[in-house]
Every structure is written in C-alpha cells, then in structure tokens.
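Worksheet for the structure shown next.
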Amino acid sequence: MRRGVWIVLFVLAAAGAMPLLLGQAPALTLVSRDGRQTLPLVVVNNQDYVAVDDLAGPFGTTAREAAGGLTVTARNRTIIVTADQPVVSVAGRLVSLAAPALRRDNRWLVPLDFLPRALGTVLETRIDVRRASRTVVIGDLRVPRVVTRVESGSANASIVFEMSPATTPRVTAEAGRLIVQFDADALDLLVPTLPQQAFVTAIAAAGPTAITITTGPRFSTFRSATSQPDAGSTRLTIDLLPAGTDAAPAPTAPPAPAPDIRPSITPIPAGGLRTVVIDPGHGGDELGAQGPNGAREKDITLAVSRRLRTLIESRLGLRVFLTRDDDRTVSHDDRSAFANNHQADVFLSIHANAAVRAGIKGAEVYYLSVERADAEARRRAEDAAVTLPALGGGTRTIDLILWETAQARYLEQSSSLAGAVEQALRARVEMSPRPVQQAPFRVLVGANMPAVLVEIGYVSNPEQEQQLTSAAYQDRIAEALLDAIIRFRASVDRPTP
Ligand SMILES: [Zn+2]
Numbered sequence: 064m065r066r067g068v069w070i071v072l073f074v075l076a077a078a079g080a081m082p083l084l085l086g087q088a089p090a091l092t093l094v095s096r097d098g099r100q101t102l103p104l105v106v107v108n109n110q111d112y113v114a115v116d117d118l119a120g121p122f123g124t125t126a127r128e129a130a131g132g133l134t135v136t137a138r139n140r141t142i143i144v145t146a147d148q149p150v151v152s153v154a155g156r157l158v159s160l161a162a163p164a165l166r167r168d169n170r171w172l173v174p175l176d177f178l179p180r181a182l183g184t185v186l187e188t189r190i191d192v193r194r195a196s197r198t199v200v201i202g203d204l205r206v207p208r209v210v211t212r213v214e215s216g217s218a219n220a221s222i223v224f225e226m227s228p229a230t231t232p233r234v235t236a237e238a239g240r241l242i243v244q245f246d247a248d249a250l251d252l253l254v255p256t257l258p259q260q261a262f263v264t265a266i267a268a269a270g271p272t273a274i275t276i277t278t279g280p281r282f283s284t285f286r287s288a289t290s291q292p293d294a295g296s297t298r299l300t301i302d303l304l305p306a307g308t309d310a311a312p313a314p315t316a317p318p319a320p321a322p323d324i325r326p327s328i329t330p331i332p333a334g335g336l337r338t339v340v341i342d343p344g345h346g347g348d349e350l351g352a353q354g355p356n357g358a359r360e361k362d363i364t365l366a367v368s369r370r371l372r373t374l375i376e377s378r379l380g381l382r383v384f385l386t387r388d389d390d391r392t393v394s395h396d397d398r399s400a401f402a403n404n405h406q407a408d409v410f411l412s413i414h415a416n417a418a419v420r421a422g423i424k425g426a427e428v429y430y431l432s433v434e435r436a437d438a439e440a441r442r443r444a445e446d447a448a449v450t451l452p453a454l455g456g457g458t459r460t461i462d463l464i465l466w467e468t469a470q471a472r473y474l475e476q477s478s479s480l481a482g483a484v485e486q487a488l489r490a491r492v493e494m495s496p497r498p499v500q501q502a503p504f505r506v507l508v509g510a511n512m513p514a515v516l517v518e519i520g521y522v523s524n525p526e527q528e529q530q531l532t533s534a535a536y537q538d539r540i541a542e543a544l545l546d547a548i549i550r551f552r553a554s555v556d557r558p559t560p
C-alpha cells in the first residue's frame, strides 16, 4: 500500500509541481513554410544530438544501414554516416561535425550541426540552428531574433524588444494585456523570467509571430516607440504607465516606415556573383581585440558588417548573409561552413587588429597562405584515411574534396579579391605598410569560394580606436568593400575565352 501511495504522489508531482524537471524531454522547434514541428533532442556527453529516424518526417530522408555505416538519402543525394566518426560524406564531400555520430539502442544519433552542414547541403536549403531558443529555421524565412528586457521603476516600467534583422512591430491593447504583432514568418524569442511586478505580470509568445504582455494592477496606459539602433535591427520600447499620467495613450504605435533599400536591381548573369557572406569577427564570449578606451573588436566588426550588408543589398541586389547577426560566439569552422551551406560566391571576414606598439595603424587584407594550406591538406588527408561504407555494401575510398581544405582551390581568385579590396580601401582609408598579406587564418581554410580576411584598422591605436567606432569611418570601410565586390564581380563575370 505504501508503495502505491508513493507512486501516486510521484505522478502528481511530475504532472504538477515539477513539469520542467520530470517528463519534459528537450526538443527543437522546426520552423518552415509548412508550419511548425517538434524534433526531439538527445543529449549525450553534454552534446545535443538528433536521431536520424526522427528526420524522416520533417525532411523526407530515408536511411539504410550498410557495412557498419548508415546511408541517409534525400533528394536522391546521399550522406554516409559512420559510427564514432565526427565526419560524414555529403554527396561525395567530406564534412566534419562537432561530435562523432553515435549508434545507441538501435538508433543513429548525429550532432545538431548535421542539419545545416550535411542535410542543408543535400536539400539545397538553408537550415539555421538557433541554439538559444532551440529553434531550427528551414528555408529563407524571416525569423528575427527578439531579445526582451524589462526595466521597472516605482512609477512606471518599460519593456524593450530588440529585433534583428529589423522588423516592423505593431502594438495593440486589449483588456488586461498588450499584443505585439511582428511582421515575420516566425520569432526566435528570448524572454526573461519576470519577478512579480506592479505593471507587468507575464510576457509570453502568442502564436508564431506575436507576443502577449499581461499587464499588472498598476498599469493604466502605455506609449510605444520604435527606433533603429543600426541598419540591422529595430528596437521597440513600450512604456507602461499608471493612472493619472499625462501621456496621451497610444492605442497603436505607428510603425516606422521601413527604408526602401531595394531600388532597381540589376539582374546578375547566370554563373556570376550572386551571394555574399560577411563574417563579423569574434562575438559572444570572444571579445577580440580591445582598444585603450574600451572599444571591442566584436562590436566594431558587427557594426561594419551590417552597414556593408545594407549597401550590397541596396546597391547591387545580391543575397547577403551574416555568419552572426548578434552578439554570439561562433566557431571558425561554423563560419566557413555557413558560407559553404549558403553557396556564397564571396566570403569576407571582418576584423580589427591590435598591436603591442600603440603607434601601429592602417588596414590590411589577408588571404590564405599556400604553404600552410598544403601542409594542412596533407595532414587532413591522413586524418581522413577512414574507410567509409559504400552504397550497396563493402567499403571504398571515396574521392573526396576535403571541406577543411576547400580554400586551397581558390587561392588565385582570393588573391585577386584581396587586390580589389586593397585598392578600394587605399582610396578611402589609411593602409598599413604591408597592405596585402598571406596567413593561415583558420576561418579561411574551409571556405569553398574566394575568401579574404580584412583587418579594417588597429583598435590598439587610440586615434584609430576613435575612428573604428565612428559611423563615418565604418561607412567608409563599407563603401570600400562594396567597391571591391563590384571590381571583383566585373573580373569574374568577364566571359572566359
Ligand atoms: Zn579579430
């Protein structure tokens, strides 16, 4: 009897008081044109995995075991997964993953980056994993990241939403709550846990593209305003006010008119330059170089990258993607993998430099050094001497182009891109005495397209630190890089004899 009582109590506890501790397996939300689905997560050794058999429904994959490996097929293209190997063959190309594939309890588990790096490639679809909100965006959807914070005082409270990319919000009032509706396909939403407050008691998602703010006992009216801290984001501030406030209530915030950034777009000839990936250096825990007055490289690179994106989109009408559009940590390999998955035609990694001597200044352009790339290629080739299971059984050595050494094939074009960047920068900003250099930058090694890394100035130099944080200098850099892309495009579009 006693045992029975305990079981009942346990079930009650699981159902009521501790839903987050018991019974709720972590899951990802998949967002696509077709709607939303849930994909269970499996955590092994602190690493997020998904089961291959769970991918069949959402992604239409089929899987078959052969010779100790697993072949996953989608759109008639094949991914070969090998147990305990952190590398998969994707349509004949070797792709490294964050962790080894695992075979557990008759299921195959693959790390989360299998989705963008392997599946996204064979499906030719952008797959974007947003780890913080456990959201996976499939296809080119507008899914802004929305970060929420509440600032509360004794007399009022403000709720601030930061949306990136920029999105138009609309605020309406209903009994006991405010609804914020976003112009988007879905939201990547981060909401803080709220302590009980006089003006606001809860903030929660309401459907795929709206947020509900439940107002508290002291709330009487509100006013809201949108601003654009930079081209890549929108800030919505909602002030919650008590009764007796003079502020004219604003039932609906007039949305800020979105700047028309896509005037006449010149069609890009087939085979020409269509997609640019910009890589804002560092981010999140990785601050990068820091200036004597506290400027941080990670902030400068993101600001310049967003300005450049706006320029390229508006003037050239090319597709532009940023490897990060907010303050987050991204590994070097994920950055080049992102460019590869988006089939970028050009990869620009943006950095700011630092030197021990404060006097050193000027911009520099880098492309990958040949010697190191060759050495790396040889080392990787040895690493990759794994026999992979072949279709139809048995094993074979697959003729692979190593993802990690992809850049080796583009050195000539990267050198000409570096030249174009140097010329364009020289016309606008001070250059270092060694304006074009080669170096074994990890972020360039895996890029499967012409790629350069631009050090836009020395943040360690007080004068340059001041420049690098100014809108005027950031615009000059963005203009120069736009100009470089135009020059480079002219060279690649020229028909080859
Ligand atoms: Zn850097």
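Anchor point for the sequence shown: position 190 equals 253 in our numbering, and the numbering is continuous, going up by one each time.
Cβ atoms here follow ideal geometry from the backbone N, Cα and C, with glycine treated the same way.
Own chain partners of residue i with C-beta closer than 6 Å, once the 5 adjacent residues on each side are dropped
i	result
A426	L488, V492, M494, I519 and G520
I363	A415 and L531
A553	none
R127	T134
F410	V340, A402, A510, M512 and A514
T136	T125
D176	L160 and A161
E485	V428, P498 and V499
A265	T277
Cβ-heavy atom distance, residue i to ligand 1, below 7 Å
i	result
H405	no
G380	no
A426	no
H345	yes
E528	no
A249	no
G422	no
A358	no
H414	yes
G351	yes
Residue i in three-state terms, based on DSSP
i	result
T392	coil
I423	coil
R489	helix
D191	strand
P513	coil
S377	helix
F177	helix
F384	strand
Q260	coil
G183	helix
N404	helix
G131	coil
G98	strand
S523	coil
D293	strand
A269	coil
Q476	helix
F504	coil
A114	strand
D342	strand
D203	coil
R208	strand
R156	strand
Straight-line gap, residue i to residue j (C-alpha atoms, nearest Å)
i	j	result
E237	T278	10 Å
A469	V185	18 Å
D248	A547	34 Å
G123	D408	28 Å
S283	R298	23 Å
R166	R194	24 Å
N219	F551	54 Å
R382	T338	5 Å
A400	A535	32 Å
A481	A418	22 Å
V522	A161	32 Å
S368	S227	13 Å
V506	P498	19 Å
L463	A154	The pLDDT assigned to L463 is 39, lower than 50, so where the model puts this residue is not dependable; a value taken from the coordinates is nonetheless given after this. If I take the Cα positions, the gap works out to 10 Å.
V555	F285	55 Å
R180	L516	22 Å
P320	P343	The predicted position of P320 is uncertain, since its pLDDT is 40 and thus under 50; a value taken from the coordinates is nonetheless stated next. Straight-line Cα distance between these residues: approximately 27 Å.
R561	S479	The shown model of the chain, from 64 to 560, leaves out residue 561, and the question about it has no answer.
Cutoff 8 Å; reference residue i; Cβ partners in own chain excluding five residues on either side
i	result
R99	T92, L93, A249 and P271
A240	Contrary to the premise, residue 240 reads as Arg rather than Ala in this sequence. T275, I276, T277 and T278, listed in sequence order.
L112	With the sequence shown as reference, residue 112 is identified as Tyr, and Leu is not the correct amino acid for it. Once the five neighbours on either side are set aside, the close Cβ partners of Y112 are L104, V105, V106, A162, L165, L172, V173, P174 and L175.
Same chain only: Cβ atoms within 7 Å of residue i, ignoring 5 sequence neighbours per side
i	result
L545	L371, L374, I375 and R378
CB contact below 8 Å: residue i versus chain D
i	result
A358	Annotation note: the requested chain D is absent from the structure, which comprises a single protein chain.
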